[in-house]
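In my numbering, the protein residues as written are 691 to 974.
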C-alpha cells in the first residue's frame with residue numbers, strides 16, 4: 691500500500707489509453723507524454739502501457755508501506771527517497787516505510803512514477819486512466835491509498851528505446867497539413883509557419899491553448915472527426931491543440947495534425963514557454 695501524503699498540483703492514474711470507444715464519444719486519455727511514461731515502465735520491467743502516476747507542475751509526496759521498485763521519468767526535479775537524492779531513469783529500490791518526495795519541477799511539466807507490476811485500480815472501459823464521468827475519481831487526493839499489483843500477468847511489450855530525457859528543451863513542434871490547411875489564405879499560412887507562439891496557463895489535459903491570435907478570414911466547417919494532436923483554428927483566430935483527453939469531434943478548421951513526438955513535447959511545455967510549428971510531409 692502507498693499513502694498519498696501530498697497529492698501535488700494535479701496527479702492522476704494513467705495508462706496507455708482507452709481504445710475502442712471513440713464511436714460513442716469517449717476520449718482516448720492515457721499518458722500525456724507517452725515516450726516518458728513508457729520508458730519508465732520499460733525500465734522497471736512492466737508492459738510499457740502499464741498504469742503509472744502522472745504528475746504536473748508540483749509533484750506528490752508518497753509513503754510506501756510495502757517494498758517495491760520504481761522508476762521516475764519525464765520532467766526534471768530533485769528526487770529524494772528518505773532524504774537521499776536519486777536520479778530520473780534509475781531503478782529505485784524502495785523499502786517498507788520509505789518516503790518519496792520531490793522539489794518543484796525545474797524543467798519540463800509532467801513527470802511519471804512507474805511501479806513494479808503496476809497499480810491495482812478501477813478499470814473502466816478497458817483502461818485505468820482517470821477521466822471525469824468514466825472513472826469514479828478524477829485525480830489523486832491527499833490521504834488516498836494506492837495498492838500495487840502483486841504480480842502482473844499481462845504480456846510484456848519491450849522495445850529498444852532511444853530516449854532523450856531532456857527533449858522538452860526543444861521548441862520545434864512537428865506538424866502535418868490538416869484537412870482544411872489548403873483552404874487557408876497565404877497570409878494565414880504565413881502566420882502559422884513563421885510566428886512564435888506562447889503556451890497559455892489555461893492549458894490542460896484536453897487541450898494546449900495558445901495566447902496569440904491569427905489574423906485573417908478563417909473557414910467555418912461542419913462538425914468533423916478530431917483526435918489527439920489535431921490543431922484547430924477558431925473563427926476568432928485562436929489556436930487549440932487537442933491533447934490526450936480531447937473530444938472526438940469538433941467544428942473548427944483542422945489546420946495541422948501533430949506528430950506523436952510533437953504531442954509528447956507539447957505535454958512537457960510549461961505555461962509561457964514558446965514554440966514554433968515546422969511543417970512535415972507524410973511519410974518523412
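Virtual Cβ for every residue (Gly too), placed ideally from N, Cα, C.
Straight-line gap, residue i to residue j (C-alpha atoms, nearest Å)
i	j	result
residue 772	residue 889	35 Å
residue 952	residue 736	25 Å
residue 996	residue 711	Any answer about residue 996 is impossible in this case: the structure gives the chain only from 691 up to 974.
residue 948	residue 882	14 Å
residue 919	residue 769	31 Å
residue 700	residue 957	14 Å
residue 896	residue 787	36 Å
residue 756	residue 910	56 Å
residue 747	residue 804	18 Å
residue 927	residue 727	33 Å
residue 807	residue 781	13 Å
residue 745	residue 774	21 Å
residue 878	residue 908	8 Å
residue 784	residue 967	42 Å
residue 866	residue 970	5 Å
residue 933	residue 841	32 Å
residue 683	residue 936	Shown here, the chain extends from 691 to 974; a query on residue 683 therefore has no answer.
residue 986	residue 835	Residue coverage of the chain in this structure runs from 691 to 974, which leaves residue 986 outside it and unanswerable.
residue 702	residue 743	6 Å
residue 789	residue 697	13 Å
residue 754	residue 709	32 Å
residue 854	residue 831	31 Å
residue 767	residue 839	27 Å
residue 922	residue 691	43 Å
residue 915	residue 778	38 Å
In DSSP terms, what residue i is bridged to
i	result
residue 932	897
residue 758	784
residue 745	801
residue 841	Per DSSP, none; premise fails for residue 841.
residue 967	863
residue 693	753 and 835
residue 946	867 and 921
residue 959	For residue 959, which the question treats as bridged, DSSP gives no partner whatsoever.
residue 825	822
residue 938	Note: residue 938 sits in no beta bridge, so no partner.
residue 817	814
residue 703	743
Residue environment, residue i, which counts as buried when at least 16 other CB atoms sit within 10 Å
i	result
residue 913	exposed
residue 965	buried
residue 704	buried
residue 862	exposed
residue 942	buried
residue 749	buried
residue 886	exposed
residue 812	exposed
residue 873	exposed
residue 739	buried
residue 903	exposed
residue 875	exposed
residue 925	exposed
residue 870	buried
residue 880	exposed
residue 794	exposed
residue 939	exposed
residue 892	exposed
residue 959	buried
residue 765	buried
residue 954	buried
residue 713	exposed
residue 722	buried
residue 694	buried
residue 845	The predicted model places residue 845 with a pLDDT of 49, which falls under 50 and marks its position as unreliable; any figure quoted below should be read in that light. Exposed: under 16 other Cβ atoms inside 10 Å.
residue 720	buried
Cβ of residue i within 9 Å of any chain B Cβ
i	result
residue 704	Any reference to chain B falls outside this structure, which holds one protein chain only.
Three or more C-beta pairs below 8 Å linking the region 807 to 827 and the region 790 to 799: no
Where in the region 764 to 812 do unbroken runs of the beta strand (DSSP E), each at least 3 residues long, occur, reported from the N-terminal end onward? 769 to 771, 774 to 776, 782 to 784, 789 to 792 and 797 to 805
Check whether the region 759 to 768 and the region 731 to 748 touch, using three or more Cβ-Cβ pairs below 8 Å as the test. yes
When you compare the region 853 to 862 with the region 824 to 833, are there three or more beta-carbon pairs, one atom per stretch, that lie closer than 8 Å? no
Segments assigned alpha helix (DSSP H), at least 4 residues, entirely inside the region 865 to 929: 876 to 884
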